[in-house]
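Heads up: the structure comes next, in structure tokens.
Protein chains: 2
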Amino acid sequence: MNNDIKNNDIKILRHSAAHLLAQAMMRLFADTLLTIGPATEDGFFYDVLPVNNFKEEHLELLTKEMKKIVAQNYPIEHREISKEEAKKIFFNNQFKLELIDAIPGNFVGISTQGEFIDLCKGGHVKSTGEIAHVVLLSISGSYWRADRNNQALQRISGTAFFTQEELDAFLKRQEDLVEYDHRKLGKELDLFSFAQEGIGFPFFHPKGQQILNTMTTYIRSLLYKYNYEEISTPVMLRQELWQQSGHYDHYKDFMYFCVIDEKQYAVRPMNCPGAILVYKNRPHSYRELPLKLAEFGKVHRHELSGVLHGLLRVRAFTQDDGHIFCSQDQIEQIVLETIELVMIVLKKFEFNDIAIRLSTRPEKSMGTEEQWNAAVQSLLQALAKSGKTFAIFEGEGAFYGPKIEFHIKDSMNRSWQCGTIQLDFSGPENFDLHYIDHTGNRVRPVIIHRAILGSLERFFAIVLEHFKGSLPVWLSPVQVRILTITDKQKEYAQEVFVHLRKYEIRAEIDRSSDQISGKIKAAQLEKIPLMIVLGDKEMEKNSITIRQRNGVQRFNVELNAFVEEIVKENKFFN
Amino acid sequence: MNNDIKNNDIKILRHSAAHLLAQAMMRLFADTLLTIGPATEDGFFYDVLPVNNFKEEHLELLTKEMKKIVAQNYPIEHREISKEEAKKIFFNNQFKLELIDAIPGNFVGISTQGEFIDLCKGGHVKSTGEIAHVVLLSISGSYWRADRNNQALQRISGTAFFTQEELDAFLKRQEDLVEYDHRKLGKELDLFSFAQEGIGFPFFHPKGQQILNTMTTYIRSLLYKYNYEEISTPVMLRQELWQQSGHYDHYKDFMYFCVIDEKQYAVRPMNCPGAILVYKNRPHSYRELPLKLAEFGKVHRHELSGVLHGLLRVRAFTQDDGHIFCSQDQIEQIVLETIELVMIVLKKFEFNDIAIRLSTRPEKSMGTEEQWNAAVQSLLQALAKSGKTFAIFEGEGAFYGPKIEFHIKDSMNRSWQCGTIQLDFSGPENFDLHYIDHTGNRVRPVIIHRAILGSLERFFAIVLEHFKGSLPVWLSPVQVRILTITDKQKEYAQEVFVHLRKYEIRAEIDRSSDQISGKIKAAQLEKIPLMIVLGDKEMEKNSITIRQRNGVQRFNVELNAFVEEIVKENKFFN
Chain A
60 MNNDIKNNDI KILRHSAAHL LAQAMMRLFA DTLLTIGPAT EDGFFYDVLP
110 VNNFKEEHLE LLTKEMKKIV AQNYPIEHRE ISKEEAKKIF FNNQFKLELI
160 DAIPGNFVGI STQGEFIDLC KGGHVKSTGE IAHVVLLSIS GSYWRADRNN
210 QALQRISGTA FFTQEELDAF LKRQEDLVEY DHRKLGKELD LFSFAQEGIG
260 FPFFHPKGQQ ILNTMTTYIR SLLYKYNYEE ISTPVMLRQE LWQQSGHYDH
310 YKDFMYFCVI DEKQYAVRPM NCPGAILVYK NRPHSYRELP LKLAEFGKVH
360 RHELSGVLHG LLRVRAFTQD DGHIFCSQDQ IEQIVLETIE LVMIVLKKFE
410 FNDIAIRLST RPEKSMGTEE QWNAAVQSLL QALAKSGKTF AIFEGEGAFY
460 GPKIEFHIKD SMNRSWQCGT IQLDFSGPEN FDLHYIDHTG NRVRPVIIHR
510 AILGSLERFF AIVLEHFKGS LPVWLSPVQV RILTITDKQK EYAQEVFVHL
560 RKYEIRAEID RSSDQISGKI KAAQLEKIPL MIVLGDKEME KNSITIRQRN
610 GVQRFNVELN AFVEEIVKEN KFFN
Chain B
60 MNNDIKNNDI KILRHSAAHL LAQAMMRLFA DTLLTIGPAT EDGFFYDVLP
110 VNNFKEEHLE LLTKEMKKIV AQNYPIEHRE ISKEEAKKIF FNNQFKLELI
160 DAIPGNFVGI STQGEFIDLC KGGHVKSTGE IAHVVLLSIS GSYWRADRNN
210 QALQRISGTA FFTQEELDAF LKRQEDLVEY DHRKLGKELD LFSFAQEGIG
260 FPFFHPKGQQ ILNTMTTYIR SLLYKYNYEE ISTPVMLRQE LWQQSGHYDH
310 YKDFMYFCVI DEKQYAVRPM NCPGAILVYK NRPHSYRELP LKLAEFGKVH
360 RHELSGVLHG LLRVRAFTQD DGHIFCSQDQ IEQIVLETIE LVMIVLKKFE
410 FNDIAIRLST RPEKSMGTEE QWNAAVQSLL QALAKSGKTF AIFEGEGAFY
460 GPKIEFHIKD SMNRSWQCGT IQLDFSGPEN FDLHYIDHTG NRVRPVIIHR
510 AILGSLERFF AIVLEHFKGS LPVWLSPVQV RILTITDKQK EYAQEVFVHL
560 RKYEIRAEID RSSDQISGKI KAAQLEKIPL MIVLGDKEME KNSITIRQRN
610 GVQRFNVELN AFVEEIVKEN KFFN
């Protein structure tokens, strides 16, 4: 079965499920007014005007009735009738009447299953028996024709699958999404918090900060390897600068402003102008290019409070930013290298499903046709050389240059845009940047903006959910917890602890007086990847027992061999 | 000779030097009106009203004349005369007349040397021949009686010493202060810059950022060793919070404000409230105390543009902040540990002259007599146990608790306040902080605020000047530069380079086509601590020659042995 057909089939199934829900509602709450019930990307919904609002507990009732209708296995029949006839059937439903009037021509479709008739343009399974693997998920608010000025409605949403296995997998994933929501994990694992004193501004607790620091150190190790040079530039700069850069015009509603010495300053929403000022601080020769400036820059961007979402959508975050100043003919090489860099990083974080998009010249754009062609050509050639597959999104580049985006799929099958590589012809013009070429002429450089993780805070959230809280050893804030079976091993535990700490292994001792089973459970709840269990036997043999988070145990391990393993995990350089 | 007598003697010498200057002025510019000419901490000055303003070139003329008077070796005589007589002598000098009127009683002192008479209460050397080691330093503006509403005057400043050696040392130090001004070094070594787009906000260039990162990594290694936990908290928070913390009332003129969602936010001038909110995020048990939270927190504080001074006085800087939440009876232990920590750090940066000050309860203060006594007692006991000498500054503590300050002397004999340890009874009250003690009761913790470096940016400047730009190997942004004698060693240089980089040694190759002497000079100008010089001999023997910044050379060094040395320098942990 080809994907499009399959996709069409599932939409038909889900639209049929909406009718199934409507039939159940009519049986149990006959005065409810039905409006529309389409299939969506992931399921279906029906928007209705109930006499009394539906509540969560009604979903069970409705589901029971739906199962009955499935068992009754009514054939689903579709036919065309005149509008006049249709208006008679739906005479007491103002919404359906409005829909009928809006349909062109004199005929409309209706669908019948058992006693239930609905207005419908068609596309159904053959009988209600086929809609066995269905579930209702939520009740939410909506508006007639999605317009806030119209009648408020209730939306009952659900989904359906062809097989019980698919439905079970979906339900498991839904549970996981709740269970492994980074906001929940963040609280349970004491990683970060938010406060009313700073809406959208995260507070990183010690373990969360440890994770951020590890991410930063890892990225720094690659900056070193790829000959980047790190800089840091001010958190706020004069408004004039943001006008010059164009950010003020495009972005001012998302920016925060301060007044200093009667001058308007803006808190930076991006790090680019800072890097540009560093570049402009002295003249540059072609010999220095490509000049790769990196900054872990804290930026502030206003988001409406309604769309803030844990660390995934905040008002202050840190970008792992890079600005590469280079000549036209270095673009391809830099882009190729950056693709490689992004791939290395994403692999390290165990993202294996990566989609690459190339976005080309939009209608409104600056720069010459020639520049754009050369730039897109460089990107295409770099992508070709990288051997990666990619999709082209015509006209979706930024106004100042084409870009490459990396979209990753996480363990719960969601897609996230992370890294970007962006060519910029506009910045060098706006700030009149130069370098001196080998003939002594002043030449305009190109700027390549690139971010690998993007926002460290957002990537933190994505990674936390991707690993369902069980971070790999190298990224775990506590890597090893030492558990003693009885108090007799206390001193031995301390020795082991001191030894691990000496090698910068993030270890701790469980000093509680709990039973060993309780200690193991506690470590598992905290998702600590490795436990060292110490009993009399281990003490006698001067060895350790390793218990992994997944329950696998390794006995008779030599401490130094274990240290070597972890030191290797913790080593980013080389 | 005891220090006080010596101090008195030098003051007498310098006051005599002021008379010497005045005599020279009277000889060359007889219409100049003299006002006062006291000794100061470091020298002397004479404030005068000239007919035409003195300029820099006049200092040489005056100095020549002073030398003459020294050679003439006039005895200096002091006697008392009646005010009436004095007024006759100084009849045409309104300032001296005013001074005479202000002296109580009927007599005033005058001092005579050769043809010159000055009003003076006494204290001189015996003859002008004793003032041989004198120098004039500057001309600046001043006001009669230091009041801007009075007559504007010119101040000619100088200094004098008992010996030529002391004078030479002083002059060398003056030269050094100019030569090794961190702003000059920062530009020459391409470490940082400032821009009109952000007055008082530093931009760190790659090499400067490398130094900051090394400082941070070093401090982090100690945080790890001393069981601190790092956090990060928002750059801006609601104004209400700053009102609650008391910062708003005491500090609002130094703070920057933004409006977000129609609420007033303040950019943080301190990190304390952030750490307190992290503490408050969940309940705490006595078992967790002392809880040591560290933050490398970027703060913004408004300073008048006139007092901004390179990195020594900026408007945005990073504190190596620590907030320790502990019980009353843990104060002594924490303070002792923190003194140790500060001493370790200052020693690492080669500051050996450290003065410790204990500041006690000021008149206006919060907390009970009992709390203060206990707190001061803890500080005293910790200081006693540390074995360090310290001075007590009665009444100079903060209103919220007593404090210990560390003052360091740099290589140019200037004193800087760096580390502080501050007890705080007020924060825990204002934010109603608790922990649960071993009996299950809610108890108020104490907060100990501590900073080791203080402002990273300011410490950066102090260190840069202290080392006169020649940073120790571990702190140098470029640790090793590889120089080839001819192009024949290019490949060998690359091998050595790759090997060094593998061990995270900050190395680079001089790829210029300069002579070896030119390459050495360039490296010296950039104050790179170590050069590896490679010629045919080194290549043959598979060895390297090390040339230190001070010119000392080591031949026949094995690369691995050298790597081991530097790796040891770069290793902070253990």
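First to last, the protein sequences are chains A and B. Here the working numbering is used: the first residue of the first sequence is 60, the next is one more, and so on. Here the working numbering is used: the first residue of the second sequence is 60, the next is one more, and so on. Each residue gets a CB set at the ideal place from its N, CA and C atoms; glycine is no exception. Fair warning: this is a prediction, and the values are worked out from it, not measured in the lab.
Under 7 Å, Cβ to Cβ, is there at least one residue of chain A near residue i?
i: T275(B); result: no
i: C331(B); result: no
i: C385(B); result: no
i: N61(B); result: Confidence at N61(B) is low in this model, with a pLDDT of 47, below 50, so the placement of that residue is unreliable and no value is reported for it.
i: Q268(B); result: yes
i: L257(B); result: Correcting the residue type first, residue 257(B) is Gly in the shown sequence and not Leu. Cβ-Cβ to chain A under 7 Å: yes for G257(B).
i: K630(B); result: no
i: E563(B); result: yes
i: Y202(B); result: no
Could you pull out every residue in the same chain whose Cβ sits closer than 6 Å to the Cβ of residue i, ignoring the five residues on either side in sequence?
i: H525(B); result: D469 and S470
i: S474(B); result: H466 and K468
i: S437(B); result: I390 and E391
i: V435(B); result: T419 and P461
i: N61(B); result: The pLDDT assigned to N61(B) is 47, lower than 50, so where the model puts this residue is not dependable; a value taken from the coordinates is nonetheless given after this. Taken in chain order, the list of residues that qualify is empty.
Grab the span of the beta strand (DSSP E) containing residue i for me, first residue to last.
i: N272(A); result: Where N272(A) is concerned, there is no enclosing beta strand (DSSP E), although the alpha helix (DSSP H) it sits in stretches over P265 to K284.
i: I148(B); result: Here I148(B) belongs to no beta strand (DSSP E); instead the alpha helix (DSSP H) covers K142 to I148.
i: N615(A); result: Q612 to V616
i: C331(A); result: Element bounds for C331(A): not the beta strand (DSSP E) but the alpha helix (DSSP H), C331 to K339.
i: F154(B); result: Run containing F154(B): none in the beta strand (DSSP E); it sits in the alpha helix (DSSP H), Q153 to A161.
i: Y315(B); result: From DSSP, Y315(B) is part of no beta strand (DSSP E); its letter is neither H nor E.
i: G217(A); result: A211 to F220
i: R634(A); result: Since the first and last residues shown for chain A are 60 and 633, residue 634(A) lies out of range.
i: A353(B); result: L350 to H359
i: E464(B); result: K462 to K468
i: R204(A); result: Where R204(A) is concerned, there is no enclosing beta strand (DSSP E), given that its DSSP letter is neither H nor E.
Give a yes or no on whether 7 Å exceeds the smallest Cβ distance from residue i to chain B.
i: I290(A); result: yes
i: S252(A); result: yes
i: V337(A); result: yes
i: Y315(A); result: yes
i: F263(A); result: yes
Let's see if you can read the secondary structure: which residues bound the alpha helix (DSSP H) around residue i?
i: E597(B); result: D595 to K600
i: Q131(A); result: E115 to Q131
i: I521(A); result: L515 to H525
i: R242(B); result: H241 to E247
i: Q255(A); result: Premise fails: Q255(A) is in no alpha helix (DSSP H) and is neither H nor E.
i: K586(A); result: Looking at the DSSP string, K586(A) is not in any alpha helix (DSSP H), and its letter there is neither H nor E.
Since residue i contacts residue j with CB under 8 Å, what's their CB separation in whole angstroms?
i: Q172(B); j: Q82(B); result: 6 Å
i: I169(B); j: D177(B); result: 7 Å
i: H192(A); j: Q233(A); result: At roughly 14 Å, the Cβ-Cβ gap does not stay under 8 Å, so H192(A) and Q233(A) are not in contact.
i: Q303(A); j: F490(A); result: 7 Å
i: G381(A); j: A353(A); result: 5 Å
i: I393(A); j: P328(A); result: I393(A) to P328(A), Cβ: 25 Å. No contact.
i: K185(B); j: I135(B); result: 6 Å
Cutting at 7 Å between CB atoms, please list the residues of its own chain near residue i, excluding the five before and the five after it.
i: G454(B); result: T419, R420, P421 and E422
i: R372(A); result: E362 and V366
i: F355(A); result: T275, T377 and D379
Could you tell me which whole alpha helix (DSSP H) segments of length 4 or greater appear in the stretch 374-429 of chain A?
390-407
Ignoring anything shorter than 4 residues or poking outside the stretch 529-581 of chain B, list the alpha helix (DSSP H) runs there in chain order.
549-561
In chain order, what are the residue ranges of uninterrupted beta strand (DSSP E) at least 3 long that sit wholly in the stretch 159-202 of chain A?
166-172, 175-178 and 192-202
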